[in-house]
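Engineer: Quick one: the structure is below, questions incoming.
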């Protein structure tokens, strides 16, 4: 709480805590809300913001419990997190917008989109990356493993900056957020409801251990609009090796009118 108050005194309001605009663009035609993976932070999308500016303004979400919010209580329930992200997003979108989420962020992007549509705030499109459809459940318990096994899981997925594994102090600092997010993602259970009315683009690596082909294709059952599935060579963090192509897909889809 003291950290939150100090941040507010420094000139940041509640929305500033949640939403980061690394390259503000008042003239951008579209806003893209980006949601990080488990253990990730808003800065993961800084290169995306730079690459898409100025035509698309990227608004990157910062979850509590990491980086400059590291002293705030973390949220280990995706429904609760989606409620709070929705409030922050609803306060800042002022033009056509879309959402992009990777891994846990993909599930969160879906849940935020559901909440926004209830408010008649319809996204141009939702991009879901490296994640199975909400209706496809696995029994996973990584969040209950000890630190050694959790670190092994991170190494296997190859999305964490390998330098942190050699820095024990940094590793100890980030592991609580990673474990918290794994808990949120692994305990998430989809509540059936109305399908999205906006198009959905699903992107996945062909050897992703977290999202099989049928599980990813099942995203089509969560929208009444256009659906497409794009598969790339690679694992869970395929997008690090295919950044240019993923950016091209985002840019092209947001130039096209939504197919309803």
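Numbering (this note's numbering), first residue to last: 805 to 1064.
Glycine residues also receive a C-beta, built at the ideal position from the N, C-alpha and C atoms.
#1: Can you tell me whether DSSP reads residue 910 as helix, strand or coil?
#2: Near residue 939, what residues of its chain come up, given a Cβ to Cβ distance below 8 Å and the 5 sequence neighbours on each side ignored?
#3: Can we say the segment 853 to 863 touches the segment 817 to 837, given the rule of at least three CB pairs closer than 8 Å?
#4: Go to residue 852, then tell me how far its alpha helix (DSSP H) extends in each direction, as first and last residue.
#5: Let's see if you can read the secondary structure: which residues bound the beta strand (DSSP E) around residue 1033?
#6: Starting from residue 902, follow its DSSP beta bridges and name the residues at the other end.
#7: Exposed or buried, which one is residue 920 when buried takes at least 16 other CB atoms within 10 Å?
#8: Looking at the secondary structure, which residues open and close the beta strand (DSSP E) in which residue 1007 lies?
#9: Expressed to the nearest angstrom, what Euclidean distance is found between the alpha-carbon atoms of residue 824 and residue 925?
#10: Work out the CA separation of residue 923 and residue 893 for me, nearest whole Å.
#11: Can you look up residue 863 in the DSSP assignment and give me helix, strand or coil?
#12: Looking at the unbroken beta strand (DSSP E) that takes in residue 889, where does it start and where does it end?
#13: Determine the direct distance from the alpha carbon of residue 868 to that of residue 874, and round the result to whole angstroms.
#14: My guess is that residue 936 and residue 835 are in contact by the Cβ rule of under 8 Å, so how many angstroms apart are they, rounded?
#15: Decide if residue 959 is buried, meaning its Cβ has at least 16 other Cβ atoms within 10 Å, or exposed.
#16: Can the beta-carbon of residue 932 be found less than 9 Å from the beta-carbon of residue 890?
#17: Please report the distance separating the alpha-carbon of residue 882 from that of residue 1059.
#18: Along the chain, where does the alpha helix (DSSP H) that runs through residue 930 open and close?
Structural biologist: From the atom records:
#1: In the chain shown, the residue the question calls residue 910 occupies position 106. Of the three classes helix, strand and coil, the one that applies to residue 910 here is helix, per DSSP.
#2: The count along the chain shown starts at 1 and reaches residue 939 at position 135. Within the same chain, residue 939 has close Cβ partners 994, 996, 1022, 1025 and 1026.
#3: yes
#4: Taking the chain shown and counting its residues from 1, the one referred to as residue 852 is at position 48. It spans 850 to 856 - the alpha helix (DSSP H) in which residue 852 sits, taken as one unbroken run.
#5: What you label residue 1033 is simply residue 229 of the chain shown in a count that begins at 1. Note, residue 1033: beta strand (DSSP E), 1031 to 1036.
#6: Start at 1 with the first residue of the chain shown, and residue 902 comes out as number 98. BP columns for residue 902 point to 836.
#7: Start at 1 with the first residue of the chain shown, and residue 920 comes out as number 116. Buried.
#8: Reading the chain shown from its first residue, position 203 is the one you call residue 1007. Where residue 1007 is concerned, the enclosing beta strand (DSSP E) stretches over 1004 to 1009.
#9: Your numbering for residue 824 matches position 20 in the chain shown. Your numbering for residue 925 matches position 121 in the chain shown. Rounded to whole angstroms, residue 824 to residue 925 spans 20 Å at the Cα level.
#10: Translated into positions along the chain shown, residue 893 becomes position 89. Translated into positions along the chain shown, residue 923 becomes position 119. Using only the alpha carbons, I get a separation of about 12 Å.
#11: By one-based count along the chain shown, residue 863 stands at place 59. Reduced to three states, the DSSP call for residue 863 is strand.
#12: Counted from its first residue, the chain shown places residue 889 at position 85. Premise fails: residue 889 lies in the alpha helix (DSSP H), 882 to 896, not in any beta strand (DSSP E).
#13: Translated into the one-based positions of the chain shown, residue 874 becomes position 70. Translated into the one-based positions of the chain shown, residue 868 becomes position 64. Near 7 Å, if we compare the C-alpha coordinates of residue 868 and residue 874.
#14: Sequence index remark: in the chain shown, residue 936 carries index 132 (1-based). Sequence index remark: in the chain shown, residue 835 carries index 31 (1-based). With 8 Å as the limit, residue 936 and residue 835 do not qualify as a contact, their Cβ atoms being about 27 Å apart.
#15: Residue numbering aside, residue 959 sits at position 155 when the chain shown is read from its first letter. Classification for residue 959: exposed.
#16: Numbered from 1 along the chain shown, position 128 holds the residue referred to as residue 932. Numbered from 1 along the chain shown, position 86 holds the residue referred to as residue 890. It is not a contact, given that the beta carbons lie outside the stated cut-off.
#17: Residue mapping note: residue 882 aligns to position 78 of the chain shown, counting from 1. Residue mapping note: residue 1059 aligns to position 255 of the chain shown, counting from 1. One C-alpha to the other measures close to 30 Å.
#18: Residue 930 sits at position 126 when you count from the first residue of the chain shown. Here residue 930 belongs to no alpha helix (DSSP H); instead the beta strand (DSSP E) covers 930 to 933.
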